[in-house]
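To start, the structure under review is shown below, and the notes come after it.
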Amino acid sequence: MTNNLEKHIKALTPEIENTSKSWKLLFAVFLSFFALGIFGLITQITKGHIVTGMRDNVVWGLYIVNFIFFMGLSYAGALISGVLHLFKAEWRKPIIRITELTTVISLFIGPVFILFCIGRLDRLGYLILYPRIQSPITWDVIAISTDIVGCLIFLYLSFIQDFAKLRDFDGLKVSPSRKKIYKTLALGYYDTPSQRHIIEFSKNVMAAMIIAIAIIVYSVLAWIFGVTLQPGWHSTIFGPYFVIAAVYSGTGVVIILMWIFRKVYHLEEYITKKHFINVGVLLLVVAAFYGYFTFSDYLTKWYGSVRMDKILIDKLFSDFYWLFIFSNYIGIIVPLIVVGFPRLRTIRNISIAAVIALLGLWVNRYLIVIPTLETPYLPIQDIRPAWNLYKPTWVELSLTGAGVSVFCMLFMLASKIVPIVSISEIVDESEDTNDEILLSE
Amino acid sequence: MKFLLSAMKTIYIISAMVLAFLVWPGFSASGQDKEKTEKHSPILAFTYLKNPDGSKTLSATASFIINRQIFPLSYCKLKFYCGEQELGILTSDKQGSAKLIIQPAVKLPKDEKGTLLFRNVYEGCDSVEKTESSISVRDLNLLLKFSEKDSIKSISLHAFELGEKGDTLPVNELPVNFMIKRMFTNLKIGDGTTDPKGYCSMDFKGVFPGDSLGNIFLLARVDDNDDYGNVESGEIKKWGVPTNPVSPFVKRELWTEIAPIWMIVTLIIMLTGVWAHYLYVVFNISRIRREGKKIEKLKEISQVEKLEAV
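In order, the protein sequence lines correspond to chains A and B.
Just so you know, the working numbering puts 329 at position 127 of the first sequence, and the rest follows in order with no gaps.
Just so you know, the working numbering puts 71 at position 60 of the second sequence, and the rest follows in order with no gaps.
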């Protein structure tokens with residue numbers, strides 16, 4: 203039993219005791235991208251928003267695209283982990299930590315991109331001091347802050363049992379201060395029946411809460427667009443469409459992270475082909491829904507023949523032709539084919555399909571924001587054509603790269619502090635298996 | 012294994028063909044490409060309007076037809092002339108339209124009968140032929156007078172041309188429409204024909220909403236006349252009913268003083284529900300801590316007892 207626990211702890215905490223050279227090298231690479239982003243940010247602060255591609259018509263650019271994208275990843279992580287937890291899916295155990303970490307890390311990165319858009323950051327405090335409940339921006343501030351607290355509580359609940367295991371495991375070679383931190387964070391958890399009941403019950407409550415909050419919060423984000431009278435945005439379908447798109451991108455990122463963690467930390471024993479197929483099937487189902495929503499959204503706009511909607515769709519099929527095809531055809535068809543045919547369901551194929559789905563979803567966000575802002579109902583008279591069209595600059599690209607780098611770095615830092623797969627869940631699973639073997643004997 | 016590989020290849024080839032079909036440029040190309048080599052005959056719609064302030068507006072719209080569909084000649088050069096005098100060159104907008112406004116002070120060349128010959132010329136390009144359109148009009152003046160006697164309001168119009176020496180030449184049997192200017196179009200309130208002295212009048216009856224002060228823009232208009240084209244004359248009068256329009260959108264505007272009650276109630280219910288659950292879970296976590304402390308205390312006691320026993 204102790205050997206079993208030792209084996210699991212050693213395998214699932216590869217970076218807690220020592221820091222490998224490859225970890226340091228990879229961290230340095232991400233840090234350099236982050237530094238480039240900081241340089242871009244300093245340039246933007248000193249020279250103003252003129253260094254970005256945002257102008258009079260297209261007032262939202264890559265920053266908002268990244269905001270929606272990261273928030274989508276976060277809500278998808280919350281939805282997937284919450285649903286898997288509530289339905290007690292046994293296969294969830296090795297991957298649920300990845301989804302929980304995705305939720306919290308994305309939730310911290312996403313809103314930062316909003317700050318990059320704001321010209322007068324000194325007025326940011328007014329949102330808190332003088333909130334207007336009738337403003338969708340206020341809904342978003344309330345919803346995101348509520349979501350952050352909920353996700354942190356859910357994540358902490360799943361960590362308590364692991365902290366207790368790390369506290370009690372004498373074979374863990376870490377500094378006494380680190381041990382003390384684990385002891386404090388474990389909150390005196392000794393796996394008594396009542397403590398176990400409290401943890402499980404609280405997790406169930408929070409899982410139900412974060413599912414509801416994730417749906418509401420991402421719908422609120424969609425309503426910021428939906429309640430705006432702009433071609434392509436003013437749609438009743440936007441709430442559920444955004445939620446489905448978020449789950450799609452989130453499922454993609456979970457598969458990619460599963461592949462990376464499996465390769466980098468040699469978790470082949472824990473994250474198996476079965477896990478890839480199960481999450482892959484989820485990707486397939488959501489891809490079908492996402493395709494249906496996308497088709498439904500564009501069909502009604504096209505058939506309605508409203509002049510500006512027609513101009514927008516023409517623009518999507520001319521100026522943004524390749525992006526549109528990649529996002530709404532390739533990004534949906536490839537995952538459907540790869541996961542749809544059992545013979546194609548290999549770990550590599552599913553991971554490639556997930557990468558395509560994720561990139562397709564990012565492009566989808568770009569196509570929701572930029573072409574619409576380039577097609578205003580009330581165009582500014584005699585505007586320079588260059589000011590009407592949007593092209594991202596190196597500043598925006600560097601900050602986008604920095605966002606992705608921070609996402610990776612936070613995952614790497616998390617692997618230094620906590621187990622990358624939930625030890626308590628895995629140990630429970632193996633104990634249950636041992637019990638079953640004993641009973642059968 | 013071989014079967015698996017061949018099946019995978021087949022599927023990838025089919026997917027590649029589907030995608031190639033989707034991204035093939037012809038998939039999105041319009042029928043216009045086939046027509047590139049032919050030269051199209053353009054249509055040039057040209058109109059003249061004399062405005063109430065005495066200025067003249069020349070409007071031209073250039074287009075061409077392919078397969079019974081009209082396509083505007085966007086961003087093309089349109090030349091405006093009066094007789095042989097060039098008035099200006101304008102670039103048409105996206106809809107193929109261009110407007111030239113001639114101020115009253117500009118002197119325009121007339122022929123011996125006092126006729127103005129306006130011409131609009133499109134020089135053509137590789138795919139569209141050259142074309143031109145013309146309008147000949149005589150300069151008509153409409154003088155409006157408004158009077159109110161014993162609460163009866165009337166509008167009187169004098170239509171005349173100016174002779175070479177500046178003398179007035181009345182225009183007989185000229186059909187005139189009386190209108191009120193509205194946001195999208197003009198509202199007709201009466202019509203008439205000028206007498207041999209060039210006069211025409213009508214009584215102003217009816218109730219018409221004006222702005223907050225009751226102002227309305229009264230207009231006399233000659234429409235598509237063979238000799239004079241389109242001519243307008245008008246004035247703002249306080250003959251309307253003062254109206255303060257109430258926007259139907261005001262109640263749900265972002266800048267209303269307070270959010271609707273339903274929104275506040277919904278928000279309070281949702282936030283209370285969510286945060287109550289959070290607090291409940293935090294309370295549960297504190298129960299774990301309390302129990303943990305008790306266990307740690309028991310452990311310490313048992314360790315002391317063991318030590319004492321030793």
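Every residue, glycine too, gets a C-beta built ideally from N, C-alpha and C.
Quick caveat: nothing in here was measured; it's all calculated off a predicted structure.
### Task
Please look up how many angstroms separate the CB atoms of A:G239 and A:L601, rounded, as I've assumed it's under 8 Å.
5 Å
### Message
Suppose you measure from the CA of B:S212 to the CA of B:S66; what does that come to, to the nearest Å?
### Response
24 Å
### Query
With DSSP run on the structure shown, which of helix, strand or coil describes A:P544?
helix
#### Entry: Start-end ranges of the alpha helix (DSSP H) lying completely within the region 134–178 of chain B, minimum 4 residues
none
#### Entry: Enclosing beta strand (DSSP E) for A:I413 [first to last residue]
Per DSSP, A:I413 belongs to no beta strand (DSSP E); it is in the alpha helix (DSSP H), P395 to G428.
### Message
Can you look up B:A56 in the DSSP assignment and give me helix, strand or coil?
### Response
strand
### Task
Check B:F129 in the structure and name its three-state DSSP category.
strand
### Query
At least one CB of chain D closer than 8 Å to the CB of B:I296: is that the case?
Protein chains in the displayed structure are A and B, and chain D is not among them.
### Same chain, Cβ closer than 8 Å to A:W564, five either side skipped, listed in chain order
V267, F271 and S451
### Message
Output needed for B:R300: all residues of its chain with C-beta closer than 8 Å, excluding positions within five of it in sequence on either side, in chain order.
### Response
none
#### Entry: Short Cβ contact (8 Å threshold) for A:F269 with A:P313
yes
### Task
Please state if the CB of A:P296 and the CB of A:Y146 are separated by a distance shorter than 8 Å.
The requested residue 146 of chain A does not occur in the structure, where chain A is confined to residues 203 to 643.
### Query
What is the rounded straight-line gap between the Cα of B:V257 and the Cα of B:S223?
11 Å
### Message
Once DSSP output is grouped into helix, strand and coil, what is the label at B:S39?
### Response
Note that B:S39 scores a pLDDT of 43, beneath 50, so its modelled location is shaky and nothing firm can be said.
### Message
I'd like the list of long-range same chain contacts for B:H51, defined as Cβ closer than 8 Å, with 5 residues on each side in sequence excluded.
### Response
F75, I76, I77, S138, V139 and E140
#### Entry: Proximity below 8 Å, CB of A:L538 to CB of A:L569
no
### Query
Out of curiosity, what's the CA-to-CA distance linking B:A71 and B:F91?
9 Å
### Backbone secondary structure at B:K45 - three-state DSSP
The predicted position of B:K45 is uncertain, since its pLDDT is 47 and thus under 50; no value can be drawn from it.
#### Entry: Cut-off 7 Å between Cβ atoms - residues of its own chain near A:V429, not counting five sequence neighbours on either side
P338
### Query
So which residues on chain A does B:G107 lean against when the C-beta distance must stay under 9 Å?
Going along chain A, no residue has its Cβ under 9 Å from B:G107, so there is no contact; the nearest lies around 16 Å.
### Three-way DSSP call (helix, strand, coil) for B:N188 in this model
strand
### Message
Can you give me the C-alpha to C-alpha distance between A:V253 and A:A588, rounded to a whole angstrom?
### Response
14 Å
### Task
Enumerate in chain order the residues of its own chain whose CB-to-CB distance from A:A424 is below 6 Å, with the five nearest sequence positions on each side excluded.
F440, G441 and F444
#### Entry: Contact between the region 275–285 of chain A and the region 219–234 of chain A (3+ Cβ pairs under 8 Å)
no
#### Entry: Residue burial classification, B:K317 (beta-carbon count within 10 angstroms, cutoff 16)
exposed
### Task
Less than 8 Å between the CB atoms is what I'm expecting for A:F318 and A:Y265, so what's the real figure, rounded?
5 Å
### Amino acids of chain A, ordered along the chain, whose beta-carbon sits closer than 8 Å to that of B:V132
The contacting residues do not exist; B:V132 stays about 25 Å from chain A at best.
### Query
Listed in chain order, which residues of the region 305–318 of chain B have Cβ atoms closer than 7 Å to some Cβ of chain A?
I306 and E307
### Query
Which whole runs of the beta strand (DSSP E) in the region 187–226 of chain B are 3 residues long or more, in chain order?
197–204 and 210–215
### Message
Output needed for B:F195: all residues of its chain with C-beta closer than 7 Å, excluding positions within five of it in sequence on either side, in chain order.
### Response
none
### Task
Please work out which residues of its chain come closer than 7 Å, Cβ to Cβ, to A:D499, disregarding the five sequence neighbours upstream and downstream, and give them in chain order.
S437, I439 and Y443
### Message
Does A:D342 come out as helix, strand or coil in the three-state DSSP assignment?
### Response
helix
### B:K88 - DSSP class collapsed to helix/strand/coil
strand
### Message
Considering just the uninterrupted stretch of the beta strand (DSSP E) at B:S74, what are its terminal residues?
### Response
K67 to I77
#### Entry: Integer-rounded CB distance, given that B:N152 should sit under 8 Å from B:F129
About 18 Å; that fails the 8 Å criterion.
### Task
Count the other C-beta atoms from every protein chain shown that fall within 10 angstroms of the C-beta of A:I413, then say buried if there are 16 or more, exposed otherwise.
buried
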